[in-house]
Amino acid sequence: MTTLHSALVSVYDEVVERNPGEPEFQQAVAEVFESLAPVVDKHPEYADGAIVQRLVEPERQIIFRVPWVDDAGGVRLNRGFRVQFNSTLGPYKGGLRFHPSVNLSIIKFLGFEQTFKNALTGMPIGGGKGGADFDPKGKSDAEVMRFCQSYMTELSRHIGEYTDVPAGDIGVGGRELGYLFGQYKRLTNRYESGVLTGKGIGWGGSLVRTEATGYGTVFFVDEMLRRHGETLEGKRIIVSGSGNVARYAIEKAHQLGATVVACSDSGGYVVDEAGIDLELLTEIKERRRGRVADYAAEKGGAVRHIVGGQIWDVPCAIALPCATQNELDERGAAALIRTGVRIVAEGANMPTTPGGIAALRAGGVLFAPGKAVNAGGVATSALEMQQNASRDSWSFDYTEERLADIMRGIHDRVLETADTYGVPDDYVAGANIAGVTQVADAMLALGVI
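Read the sequence shown against our numbering and you will find it ends at 487, with the numbers running on by one and no gaps.
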């Protein structure tokens, strides 16, 4: 970690002391704090008024047990979480992640990042995150339903369209959201559409929400290129992951003239020089719940499936890490630089380690952080909330244009903020400072709460 402003050292030390054994959360706080020296110099009231201390302390942390019954009749137990991090700008807003790796540290880091990401959208939403250490893979639909119903039985006590609005994330897609919403409706006896986002189109969802995070990632990269007089046309791209974000980033990149040649999952990665066949990939991953190895097996020929190694070894002009936290480290960054990468933009949340970020920036690579790049998902969730509140439904084209406008606005705001604080063209600092100052100014206005 680089040297922090003197006013932030004790705050960060306290974060480490108060949150032991939470490396992801500590990492997220350090990454933001590293950008704040010019902010603290310009706004000493943030430190004097304990704003910074309150920014790193969640308003509420909820941990609960989730018992459920498997198909064999056995009782299973998981741990559920909801961290309501900051509601200064609006109701808590952030997804639910169902994955064996989920713990309090990961949920807190995600909620912390979500607070500033949501601020960057310009929408009236605060930050939160939740989930469980439940793995939907290999479970029957009935088992997933019983787990979701048990999870929502507790979560329903803490959410509402004016309080906290969850959405999907890793492991929580349309199936899971349907079961969660159905149980919420059953428990409350209310059709409160705005309590969850990412819903199905037939029951209160918004067009483009499924595509939004991936599409928004590519819209942001397109703006980065346009600033340098270029477009995506003809660019060679690799995308880590093969879930929702990765697939729709691939789709939009192809629509804008680029060629995505590689994607991955936990079992390895595939290289398809002709461009990833999105229709086949979606069939395998979404409907069959298969692996990228199945993609290579069906395509045959020149498509390669590599087990082990790293997708970052594949030569590209643009790399989009869209899988999970800390997947791109110094070794991966070195490989990307060696093969000539020009832009790395984070489609996932904190997928690049501090060492990886330092290496990319030292190597002259344009690097943009997830809190700016992947904000399109939550921005479109806020648009879904608007439609629910007005009992309206917008067209795909209109909603996509709203998303594109929001991403252009985030891009421009990040660079303008970086210029204002004396760190021109620094996407990391610009995103951190723009998000923090918006939340901090509102906290000052609301008093000591």
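Note that the Cβ used here is the ideal one computed from N, Cα and C, for glycine as well.
Computed from a predicted structure; not experimentally measured.
Self-check item: Contacts around V94, its chain only, beta-carbon distance under 8 Å, and the 5 residues preceding and following it disregarded
Solution: Taking the sequence shown and counting its residues from 1, the one referred to as residue 94 is at position 56. Cβ neighbours of V94 beyond the five flanking positions: V49, V53, V67 and F150.
Practice problem: May I ask which residues mark the beginning and end of the beta strand (DSSP E) holding Q99? | Solution: As a working mapping, residue 99 is identified with position 61 in the sequence shown. Counting along the chain, the beta strand (DSSP E) containing Q99 begins and ends at R98 to V107.
Exercise. In the DSSP assignment, find the unbroken beta strand (DSSP E) run with L416 in it and report its ends.
Key: The count along the sequence shown starts at 1 and reaches residue 416 at position 378. The sequence shown places Val at residue 416, not Leu. Note, V416: premise wrong, no beta strand (DSSP E); alpha helix (DSSP H) at G414 to S428.
Quiz item: Looking at the structure shown, is T297 part of a helix, part of a strand, or coil, going by DSSP?
Solution: Position 259 of the sequence shown, counting from 1, holds the residue named residue 297. T297: strand per DSSP, three-state reduction.
Quiz item: Quick one: is W241 buried, meaning 16 or more other Cβ sit within 10 Å of its Cβ, or exposed?
Solution: Against the sequence shown, residue 241 aligns to sequence position 203. Exposed is the call here.
Quiz item: In whole angstroms, what is the alpha-carbon distance linking T255 and I288?
Solution: Taking the sequence shown and counting its residues from 1, the one referred to as residue 255 is at position 217. Taking the sequence shown and counting its residues from 1, the one referred to as residue 288 is at position 250. Computed Cα separation, rounded: 10 Å.
Quiz item: Counting Cβ pairs, one atom from each stretch, are 3 or more of them under 8 Å apart for the segment 363-382 and the segment 210-218?
Solution: no
Quiz item: Are the Cβ atoms of D202 and G232 separated by less than 8 Å?
Solution: Against the sequence shown, residue 202 aligns to sequence position 164. Against the sequence shown, residue 232 aligns to sequence position 194. Going by C-beta atoms, D202 is not nearer than 8 Å to G232.
Quiz item: Which two residues bound the contiguous beta strand (DSSP E) that contains K409?
Solution: Along the sequence shown, one-based indexing puts residue 409 at 371. Note, K409: premise wrong, no beta strand (DSSP E); alpha helix (DSSP H) at G408 to V411.
Practice problem: Determine the DSSP secondary structure at Y222, reduced to helix, strand or coil. | Solution: Here residue 222 refers to the residue found at position 184 of the sequence shown. DSSP places Y222 in helix when its eight states are reduced to three.
Exercise. Could you spell out where the beta strand (DSSP E) holding P204 opens and where it closes?
Key: Stepping through the sequence shown from its first residue, residue 204 is reached at position 166. From DSSP, the beta strand (DSSP E) with P204 extends over D202 to A205.
Quiz item: Is Y465 near A410, with beta carbons less than 8 Å apart?
Solution: Counted from its first residue, the sequence shown places residue 465 at position 427. Counted from its first residue, the sequence shown places residue 410 at position 372. In this structure, A410 lies closer than 8 Å to Y465 by Cβ.
Quiz item: Is it true that the CB of R98 sits closer than 8 Å to the CB of W22?
Solution: For residue 22 there is no data in the structure shown, the boundaries of the chain being 39 and 487.
Practice problem: Indicate whether I349 and S302 have their beta-carbon atoms separated by less than 8 Å. | Solution: Within the sequence shown, residue 349 is the residue found at index 311, counting from 1. Within the sequence shown, residue 302 is the residue found at index 264, counting from 1. Contact: yes.
Quiz item: Under the rule that 16 or more other beta-carbon atoms within 10 Å means buried, what is N227, buried or exposed?
Solution: As a first step, residue 227 is located in the sequence shown; it is residue number 189 there, counting from the start. So N227 ends up on the exposed side.
Quiz prompt | Residue environment, A340, which counts as buried when at least 16 other CB atoms sit within 10 Å | solution = Residue 340 sits at position 302 when you count from the first residue of the sequence shown. Flag for A340 reads exposed.
Quiz item: Per DSSP, what kind of secondary structure is H137 in: helix, strand or coil?
Solution: Within the sequence shown, residue 137 is the residue found at index 99, counting from 1. Reduced to three states, the DSSP call for H137 is coil.
Practice problem: If I'm right that K290 touches Y253 with Cβ under 8 Å, what's the distance once you round it to whole angstroms? | Solution: Here residue 290 refers to the residue found at position 252 when the sequence shown is read from its first residue. Here residue 253 refers to the residue found at position 215 when the sequence shown is read from its first residue. Going by Cβ atoms, the distance from K290 to Y253 rounds to 5 Å, so yes, they are a contact pair.
Exercise. Kindly indicate the opening and closing residues of the alpha helix (DSSP H) around H449.
Key: Residue 449 sits at position 411 when you count from the first residue of the sequence shown. Looking at the DSSP string, the run of the alpha helix (DSSP H) that includes H449 is F434 to T458.
Quiz prompt | Per DSSP, the bridge partner or partners of V113 | solution = Looking up residue 113 in the sequence shown gives position 75. The partner list for V113 (beta bridge, DSSP) reads V107.
Quiz item: Do three or more CB pairs link the segment 171-184 to the segment 154-162 at distances below 8 Å?
Solution: no
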